[in-house]
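Taking my numbering, the leading residue of the sequence shown gets 1293, the next gets one more, and so forth.
Beta carbons: idealized from backbone N, C-alpha and C, even for Gly.
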Amino acid sequence: MTIELIKTTCPRDCYDGCGIVVERENGAIRRVLGDKDHAVSRGSLCAKCAWAYNGAWIDPNERLGTPLRRCGPKGSGRFEAITWDEALDEIAGRLGAVAPETVLTGHYTGTCSVLANGFPMRFFNRLGATEIEPDTICNMAGHVALEYVLGTAVTGFDPRTARDSQCILVWGANPSASAPHAHKHWLPEFPGTVVVIDPIRTPTAAEADIHLQPRPGSDAALAFAMLHILRDEGLIDRAFIDAHTVGYDELATIIELCTPDWGEAQTGVPAADIVRVARLYGTGPSMIWLGQALQRQKLGGNIFRAVAMLPAVTGQIGRPGTGLCFLNGKGTTRNMKMARVGGGHLRRNEAPSVSHMDLVEVLSDPARAQALVLWNINVAASNPRQRELIETMKREDLFTVVVDLFMTDSANLADIVLPAASFLEFDDLVGSYFHLSVGAQAKAAEPFGEALPNQEIFRRLARRMGFAEPELYEDDRAVIDALLADTGLGIDFDELKRRGTVDIAAEPVILHEDMSFATPSGKIEIASAAAEADGQPRLPQPSVEPAPEGGALKLLSPASPWAMNSSYANDARIRGRLGEPTLMLHPEEAAGRQLRDGQTVRVTSRAGSLTLPLALDDMVPRGVAYCPKGQWPKLTGIGANANALVGSEKTDMGESTTVHSTVVTIAAA
Ligand SMILES: Nc1nc2c(c(=O)[nH]1)N[C@H]1C(S)=C(S)[C@@H](COP(=O)(O)OP(=O)(O)OC[C@H]3O[C@@H](n4cnc5c(=O)[nH]c(N)nc54)[C@H](O)[C@@H]3O)O[C@H]1N2
Ligand SMILES: Nc1nc2c(c(=O)[nH]1)N[C@H]1C(S)=C(S)[C@@H](COP(=O)(O)OP(=O)(O)OC[C@H]3O[C@@H](n4cnc5c(=O)[nH]c(N)nc54)[C@H](O)[C@@H]3O)O[C@H]1N2
Ligand code: SF4
Ligand SMILES: [Mo]
1293 MTIELIKTTC PRDCYDGCGI VVERENGAIR RVLGDKDHAV SRGSLCAKCA
1343 WAYNGAWIDP NERLGTPLRR CGPKGSGRFE AITWDEALDE IAGRLGAVAP
1393 ETVLTGHYTG TCSVLANGFP MRFFNRLGAT EIEPDTICNM AGHVALEYVL
1443 GTAVTGFDPR TARDSQCILV WGANPSASAP HAHKHWLPEF PGTVVVIDPI
1493 RTPTAAEADI HLQPRPGSDA ALAFAMLHIL RDEGLIDRAF IDAHTVGYDE
1543 LATIIELCTP DWGEAQTGVP AADIVRVARL YGTGPSMIWL GQALQRQKLG
1593 GNIFRAVAML PAVTGQIGRP GTGLCFLNGK GTTRNMKMAR VGGGHLRRNE
1643 APSVSHMDLV EVLSDPARAQ ALVLWNINVA ASNPRQRELI ETMKREDLFT
1693 VVVDLFMTDS ANLADIVLPA ASFLEFDDLV GSYFHLSVGA QAKAAEPFGE
1743 ALPNQEIFRR LARRMGFAEP ELYEDDRAVI DALLADTGLG IDFDELKRRG
1793 TVDIAAEPVI LHEDMSFATP SGKIEIASAA AEADGQPRLP QPSVEPAPEG
1843 GALKLLSPAS PWAMNSSYAN DARIRGRLGE PTLMLHPEEA AGRQLRDGQT
1893 VRVTSRAGSL TLPLALDDMV PRGVAYCPKG QWPKLTGIGA NANALVGSEK
1943 TDMGESTTVH STVVTIAAA
């Protein structure tokens, strides 16, 4: 009996990018563990991955092992096993028979490893399919906003530069769920003051030095009140502003009006706390972690622009211990030429891209949607207007293909289901969107049953469709080798597999050090003519989303510590932890309505209603209701999750999700 140890990397949509060690015994996976040599995870996986990778992900009863064809009405969940040849022939025949732009492809970050995440787009680009714009379900508003200000949204800070910092604002992120190792190690070891800005007292907020609790959607006003204090107290850096920004004088007239008392009235954060945090930030060196939640608001793009004014006027960017981080791109911070992966040059038409927010309308319209191919995504759990979307996907003539590891709610609605190999079953590359590292995803077992990696599935489909372009058939190793060469690390994939994860540089990288920004002016654009040309205000505005009236509440449904989006919610042990969906309220909010802990309530929004049990906890502020994302609708007693309440209104920029602007009313059921 021999046990082999294989180093690999977690490719989930998670800031951490943990190193993994797989114990293999006689060719089969015995255990999936944390890699003790990995700088971020230090030997432990998060609890959800420790369970799911040793549970559902290697469980033959959960995994899809063969292609399946629907044999009952759509959505009935009745399928029969078919061969890959039958499946590919049918898909090629159906996709080839309709106008290519009526084939919609939806994909996101079910896996973030570069091949399984990006290579299938070569097929869809060549076909000329309409892409459902991936980031519109997550963070497109933030991308657009930061591009106006900095010319990029994907050059943040190297987390290791924290060693030189005196203050960090964790703004609209909840690392205790979404970046568990940043919560466990990086923030506790932060040398300066940790400020968390979140309406909810998350575990990260509870452990912070300072917790500010603005009303949801009021963060632009908070940023402007801080700007006012920075200006009043001489904490702005005039030399920096003159050298590296445009438009400050226009902003100054707005800042003038945004006193700390005004800030308190707008946000609910005590003026004294705003003053204290502004002083800490302005003294620096200071960092800002811009969470994803902060831009999932009706005015989310404006909020990002407003917060980005803080480094712009103080110069807290481009030096050790400073910076503003939303995401770190593998191209911008690790030199990988990512555009080559998706093969955009193979496209011959200009198929429109559509927003996830328009999915119900587009899928209901046979002139726009004849076929739907979903991979790396579970729209029936993750998208807004859940019940309407599920009904729409039952359209008998909408030919639907779902590629997944599991029989998700979306797969249930397919005509053909294809089994995907898991990250433990093929080689790939992983690059965290926070840490500036490159990780090997190493094959530790043969694919389960007849499952195949995404990239191989779409190679085979391209062949069935008779496409000739050699890029469609490029092998995995060639792509991996080219990307690894781009990094300049000077190691090959075999060496990377031996080491697991490698940092892009030995010392912290100072991003934006050269102070050249990819904006039209080449400077940080406080005032943006490009934004104005797009119909946006020229300057960020000190606006807030009005608090709901008449006893209505803001529904927040952010990341759960026990699921990864909807992934893992089918794992038996994790299901035990998730329990049934509940609605959490502040005890006074419940008392004011004569509602008790555990009582069942009717929760209603413009998009729909749900009957949920109440849980009372003062970690949730007054005015807010909390129900984390992540359940599989069909595994809950109510056949739905929070997204049955979420509507498809778009953000001010980027046609993106406004999930955290959802307004609900509650009443005893
Ligand atoms: N209410 C509410 N809804 C939200 C959010 C919220 O905050 N609140 N957040 C939104 C955000 S930020 C996002 S990013 C979206 C995410 O939503 P989705 O992109 O739908 O994410 P998942 O639900 O994890 O679905 C990913 C699927 O990919 C599958 N998968 C994993 N690995 C592979 C693979 O190698 N190949 C294939 N083919 N499939 C694989 C998984 O099994 C899973 O079913 O949800 C959004 N929905
Ligand atoms: N365990 C786990 N980890 C995940 C995911 C998961 O589903 N589960 N999803 C992954 C994905 S796809 C993403 S995009 C990231 C998202 O992870 P994060 O960037 O952490 O974002 P969210 O989970 O949406 O919300 C974070 C916090 O923002 C707060 N918030 C909501 N509205 C506001 C507001 O108006 N102002 C302020 N200041 N705060 C607000 C919420 O209360 C919440 O505590 O996490 C990734 N990691
Ligand atoms: S999901 Fe995140 S925390 Fe969990 S193992 Fe993967 S990278 Fe680490
Ligand atoms: Mo996301």
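Below 8 Å, how does it come out for the segment 1848-1859 and the segment 1462-1471: are there three or more Cβ pairs, yes or no? Result yes; three or more Cβ-Cβ pairs closer than 8 Å.
Starting from the Cα of Thr1954, find the closest Cα among Pro1676, Ala1855 and His1330 and give me that residue. The shortest Cα separation from Thr1954 among Pro1676, Ala1855 and His1330 belongs to Pro1676.
Contact between the segment 1711-1725 and the segment 1601-1616 is defined here as three or more beta-carbon pairs at a separation below 8 Å; is this criterion met? The way I'd put it, the segment 1711-1725 doesn't touch the segment 1601-1616; fewer than three beta-carbon pairs between them come closer than 8 Å.
Start-end ranges of the beta strand (DSSP E) lying completely within the segment 1499-1543, minimum 3 residues: Here the runs fully enclosed are 1502-1504.
Would DSSP call Ala1601 helix, strand or coil? The question names Ala, yet the displayed sequence has Met at residue 1601. Met1601: helix per DSSP, three-state reduction.
Below 6 Å from a heavy atom of ligand 3 - residues by beta-carbon: Selection output, chain order preserved: Cys1302, Arg1304, Cys1306, Asp1308, Gly1309, Cys1310, Ser1333, Leu1337, Cys1338, Cys1341, Pro1472, His1473 and Met1856.
For a test of your reading of the model: does the CB of Thr1950 fall under 8 Å from any non-hydrogen atom of ligand 4? Yes or no. For Thr1950, the shortest separation between its Cβ and any heavy atom of ligand 4 does not lie below 8 Å.
Where do the N-terminal and C-terminal ends of the beta strand (DSSP E) with Gln1733 fall, by residue? Note, Gln1733: beta strand (DSSP E), Ser1729 to Gln1733.
Taking DSSP's pairing of strands, which residues face Asp1863 in a bridge? Paired residue(s): none; Asp1863 is not in a bridge.
Buried or exposed (CB count within 10 angstroms, at least 16 for buried), Lys1641: In the sequence under discussion, the amino acid at residue 1641 is Asn, which differs from the Lys named in the question. Exposed.
Mapping the DSSP letters down to three states, classify Ile1669 as helix, strand or coil. Secondary structure at Ile1669: coil, using DSSP grouped into helix, strand and coil.
Closest to Arg1571 by CA distance: which of Pro1552, Thr1559 and Ala1585 is it? Among Pro1552, Thr1559 and Ala1585, the Cα nearest to that of Arg1571 is on Pro1552.
Indicate the three-state DSSP secondary structure (helix, strand or coil) for Tyr1345 in the structure shown. DSSP places Tyr1345 in the helix class (H, G or I) of the three-state scheme.
Would you list, in sequence order, the uninterrupted beta strand (DSSP E) runs of no fewer than 3 residues that lie entirely inside the segment 1375-1414? Listed in chain order, the beta strand (DSSP E) elements of length 3 or more contained wholly in the segment 1375-1414 are 1395-1399.
According to DSSP, is Asp1720 part of a helix, a strand, or is it coil? In the structure shown, Asp1720 sits in a strand (DSSP, three-state: E or B).
Hey, Val1486 and Met1630: beta-carbon distance below 9 Å or not? No.
Would you say Ser1897 touches ligand 2, meaning its beta carbon is less than 8 Å from a heavy atom? The beta carbon of Ser1897 sits no closer than 8 Å to any heavy atom of ligand 2.
Tell me whether Ile1566 counts as near ligand 2, meaning its Cβ is closer than 8 Å to at least one heavy atom of that ligand. For Ile1566, the shortest separation between its Cβ and any heavy atom of ligand 2 does not lie below 8 Å.
Would you say Cys1430 touches ligand 4, meaning its beta carbon is less than 8 Å from a heavy atom? Within the cutoff, so yes.
Looking only at its own chain, which residues have a Cβ that is under 8 Å from the Cβ of Leu1514, when we skip the five neighbours before and after it? Short of 8 Å from the beta carbon of Leu1514, and not among the five residues preceding or following it, lie these beta carbons of its own chain, in chain order: Ile1489, Leu1504, Pro1506, Gly1555, Gln1558, Thr1559, Val1561 and Ile1566.
Could you give the first and the last residue of the continuous alpha helix (DSSP H) run that contains Ser1953? It is not in any alpha helix (DSSP H) - Ser1953 carries neither H nor E in the DSSP assignment.
Between which residues of its own chain and Leu1764 is the CB-CB distance below 7 Å, once the five residues before and five after are set aside? The residues Arg1414, Phe1415, Arg1418, Arg1751 and Ala1754, in chain order, have a CB closer than 7 Å to that of Leu1764 in the same chain once the five nearest residues on each side in sequence are set aside.
Expressed to the nearest angstrom, what Euclidean distance is found between the alpha-carbon atoms of Ala1706 and Val1652? Rounded to the nearest angstrom, the two C-alpha atoms are 16 Å apart.
Determine the direct distance from the alpha carbon of Ala1861 to that of Lys1926, and round the result to whole angstroms. For Lys1926 and Ala1861, the distance between alpha carbons rounds to 11 Å.
Coil, strand or helix - Phe1482 by DSSP: Three-state result, Phe1482: coil.
Can you check DSSP and say which residues form a bridge with Ile1818? As far as DSSP is concerned, Ile1818 takes part in no beta bridge.
For Val1916, does the three-state DSSP call read helix, strand or coil? Taken through DSSP and simplified to helix, strand or coil, Val1916 comes out as strand.
Kindly identify the DSSP beta-bridge partner or partners of Arg1571. The partner list for Arg1571 (beta bridge, DSSP) is empty, contrary to what the question assumes.
Suppose the cutoff is 7 Å on Cβ atoms and the five residues either side in sequence are ignored; what does the same chain contact list for Gly1593 look like? Once the five neighbours on either side are set aside, the close Cβ partners of Gly1593 are Ala1433, Val1436, Ala1437, Gln1587, Thr1943, Asp1944, Met1945 and Gly1946.
Relative to the alpha-carbon of Asn1857, which residue among Met1807, Leu1619 and Ala1934 has its alpha-carbon at the smallest distance? When only C-alpha atoms are compared, the closest one is Ala1934.
Can you give the Cα-Cα distance for Thr1401 and Gly1526, rounded to whole angstroms? Cα-Cα distance, rounded: 44 Å.
Is the Cβ of Cys1341 closer than 9 Å to any Cβ of chain D? In summary, chain D is missing from the structure at hand, where a single protein chain is found.
Residues in the same chain with beta-carbon distance under 7 Å from Leu1803, minus the five sequence neighbours each way, listed in chain order, please. Excluding sequence neighbours, Leu1803 sits near Thr1447, Gly1448, Phe1449, Asp1450, Gly1615 and Thr1625.
Any chance the segment 1886-1897 sits against the segment 1828-1841, with 3 or more Cβ pairs inside 8 Å? Flag = no, the segment 1886-1897 and the segment 1828-1841 do not touch.
Drop a sphere of 10 angstroms on the beta-carbon of Leu1766, count the other beta-carbons inside from all chains shown, and report buried for 16 or more, exposed for fewer. For the record, residue 1766 in the displayed sequence is Glu; it is not Leu. Result: buried.
Three-state secondary structure (DSSP) at Arg1964? Residue 1964 lies beyond the stretch modelled for the chain, which goes from 1293 to 1961, so this question has no answer here.
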